[in-house]
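Numbering (my numbering), first residue to last: 414 to 842.
Each residue gets a CB set at the ideal place from its N, CA and C atoms; glycine is no exception.
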């Protein structure tokens with residue numbers, strides 16, 4: 414809609430809504446853990462957005478406000494990733510505003526949702542906005558609840574797409590360091606891209622995410638999978654452990670007092686709940702082949718296979734990539750990387766041979782660095798925490814950008830909110 418019903422009603426209706434508490438008359442579902450950045454031109458709108466950020470329904474959202482309108486937004490995102498939601502205020506004429514949105518589209522990541530606040534009340538103009546992919550248009554002046562309703566409505570509408578992107582990381586063979594890669598990539602997504610992320614450690618008997626992040630939460634993923642009737646957003650929130658501002662953990666119990674046998678659909682409701690409330694979900698998938706591990710891999714948005722440079726890894730990686738490509742004909746093909754490369758005196762298969770067999774280049778070739786990785790593991794730190802300038806830390810940042818679609822989005826310069834059609838996607842089978 415151009416405006417909510419309360420906004421376009423007559424003066425008498427607006428007076429009634431002003432005098433009566435709207436919150437008691439309508440239900441507004443809370444927003445998930447998303448990042449919202451507002452670019453305002455008037456102090457009144459900035460004040461309304463600031464007040465909205467303090468509303469209970471936006472407590473999980475990360476909200477930033479700055480002045481300057483659409484010009485400031487275009488400049489801000491020339492060299493940085495865009496958040497989940499951008500709110501733009503403009504007091505310009507329709508043609509100037511549309512030109513500004515076209516400029517914003519040139520630097521806007523795919524999947525970012527845009528709200529516009531303006532003073533033009535015209536159906537033709539609104540159609541132009543929707544044609545450009547604008548999610549909602551609010552006519553100024555706006556109030557606190559207008560902002561709350563608009564932001565929350567992006568994610569609570571019946572036809573709204575899930576906010577979360579699921580990235581599954583799995584080893585081609587046991588002991589290749591897939592969990593270490595998964596945890597470092599997730600940390601880079603949270604810290605360097607500032608996307609709210611949850612790491613789900615699915616190796617329930619032997620998971621190492623708690624150790625790697627120096628966390629010892631009393632609850633975790635096992636509490637959810639063994640009580641499926643209790644699963645909802647609030648319950649999952651209680652199970653998560655906070656690692657950084659943008660990174661949370663669903664830890665594995667890493668105990669042997671239970672047998673962890675699950676049906677193929679055991680984790681479906683958990684992943685669906687996470688997908689609807691958190692922008693990025695990184696699955697640390699253990700190296701064993703079962704109904705539920707295959708189902709998680711096939712249903713993920715992106716897959717990263719971690720392999721070592723030997724023959725068994727080459728065979729397993731090819732089998733996995735071939736099967737997943739056939740099972741996901743309309744998705745990006747699985748990515749892979751090589752880990753623990755360059756062990757002294759160990760014969761290894763070259764990355765070029767992997768590329769030939771898998772018909773694809775590895776996203777990264779991570780060198781064998783026992784001192785660096787050993788120090789990080791024993792201290793419960795990530796590689797970038799031990800040595801932020803190390804080339805391996807940069808590799809994890811690169812993996813984070815590719816797997817979240819952030820680096821390709823800048824080069825494709827696609828439409829404002831159209832699905833990402835990038836060079837990497839064209840590599841799908």
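Buried or exposed: residue i, going by 16 or more other Cβ atoms within 10 Å of its Cβ?
| i | result |
| --- | --- |
| residue 802 | exposed |
| residue 751 | buried |
| residue 554 | exposed |
| residue 715 | buried |
| residue 789 | buried |
| residue 488 | exposed |
| residue 496 | buried |
| residue 456 | exposed |
| residue 500 | buried |
| residue 492 | exposed |
Quick one: what's got a C-beta closer than 7 Å to residue i's C-beta in the same chain, skipping five residues either side?
| i | result |
| --- | --- |
| residue 607 | 448, 659 |
| residue 560 | 461, 462, 465 |
| residue 741 | 711 |
| residue 486 | 452, 499, 501, 517 |
| residue 444 | 470, 471, 473, 474, 564, 565, 568 |
Give the straight-line distance between the Cα atoms of residue i and residue j, rounded to the nearest whole angstrom.
| i | j | result |
| --- | --- | --- |
| residue 623 | residue 681 | 23 Å |
| residue 515 | residue 545 | 8 Å |
| residue 616 | residue 470 | 34 Å |
| residue 733 | residue 691 | 27 Å |
| residue 620 | residue 791 | 15 Å |
| residue 552 | residue 532 | 5 Å |
| residue 437 | residue 478 | Because the pLDDT of residue 437 is 40, which lies under 50, any placement of that residue in the model is unreliable, and the number read from its coordinates should be weighed accordingly. Spanning the two alpha carbons is a distance of roughly 28 Å. |
| residue 459 | residue 524 | 24 Å |
| residue 484 | residue 564 | 22 Å |
| residue 567 | residue 468 | 16 Å |
| residue 446 | residue 473 | 5 Å |
| residue 784 | residue 796 | 11 Å |
| residue 807 | residue 798 | 12 Å |
| residue 671 | residue 787 | 30 Å |
| residue 805 | residue 442 | 41 Å |
| residue 605 | residue 810 | 7 Å |
| residue 575 | residue 758 | 48 Å |
Report the partner residues of residue i according to the DSSP bridge assignment.
| i | result |
| --- | --- |
| residue 453 | 480 |
| residue 565 | According to DSSP, which records beta bridges pairwise, residue 565 is partnered with nothing at all. |
| residue 502 | 530 |
| residue 583 | 698, 718 |
| residue 661 | 611, 655 |
| residue 448 | 475 |
Might you give, ordered along the chain, the residues of its own chain that have their beta carbon closer than 6 Å to the beta carbon of residue i, omitting 5 neighbours on each side?
| i | result |
| --- | --- |
| residue 780 | 754, 755 |
| residue 778 | 751, 754, 764 |
| residue 507 | 533, 538 |
| residue 657 | 603 |
| residue 580 | 695, 715, 816 |
| residue 726 | 585, 586, 720 |
| residue 562 | 441 |
Within the same chain, show all residues whose beta-carbon is closer than 8 Å to that of residue i, passing over the 5 residues directly before and after it, in chain order.
| i | result |
| --- | --- |
| residue 645 | 686 |
| residue 768 | 774, 775 |
| residue 697 | 582, 591, 592, 595, 596, 612, 613, 614, 615, 616, 620, 622 |
| residue 526 | 497, 498, 499, 548, 567, 830 |
| residue 610 | 599, 602, 603, 659, 660, 661, 691, 692, 693, 694, 695 |
Does the ligand PLP have a heavy atom nearer than 7 Å to the CB of residue i?
| i | result |
| --- | --- |
| residue 608 | Of the ligands one can find in the structure shown there are none, so the ligand PLP has no counterpart to examine. |
Item to check | Given 8 Å, three or more beta-carbon pairs between the region 584-602 and the region 635-647 | outcome: Fewer than three beta-carbon pairs drawn from the region 584-602 and the region 635-647 are found closer than 8 Å, and the two stretches are therefore not classed as touching.
Next on the checklist: Check whether the region 694-712 and the region 626-634 are in contact - that is, three or more C-beta pairs closer than 8 Å.
Outcome noted: no
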